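With positions in the sequence shown counted from 1, the corresponding number in the numbering used here is that position plus 7.
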Amino acid sequence: MAFDRITLDPTMMNGQPCIRGMRITVRRVLEIVATYPDRSELFAEYPDLTEDDIQQALGYAAASLADETYETQFAS
């Protein structure tokens, strides 16, 4: 998957991956999706975002995690 909507600029948002050069980070998009499960509410609150932006942010986050390993402890 090509991430043509994800931008990296060391002078913006501390170099975090952002959406189309906006000051909306991939991390923020993940938080937004978790907060607004209803897409119509999400787009009403964040009209500059598109469905393609959200899909690429989710894909980018998944691809970033795919190469990491973590030691975690889960509640039993």
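Note that the Cβ used here is the ideal one computed from N, Cα and C, for glycine as well. This one's a predicted model, so the numbers in the text were calculated from it and none came from an experiment.
Worksheet item: What's the gap between the Cα of Arg12 and the Cα of Met20?
Response: Counting only the Cα atoms, Met20 lies some 16 Å from Arg12.
Item to complete: Can you have a look at Ala51 and say buried or exposed, based on whether 16 or more other CB atoms are within 10 angstroms of its CB?
Response: exposed
Item to complete: Check each candidate in Thr32, Val36, Ala64 and name the one with the smallest Cα separation from Pro17.
Response: Thr32
Item to complete: Indicate whether Leu49 and Tyr43 have their beta-carbon atoms separated by less than 8 Å.
Response: yes
Practice prompt. Within its chain, find whatever has a CB closer than 7 Å to the CB of Tyr92; leave out the 5 residues flanking it on each side and keep chain order.
Written response: With the chain represented from 8 up to 83, any question about residue 92 goes unanswered, as that position is not in the structure.
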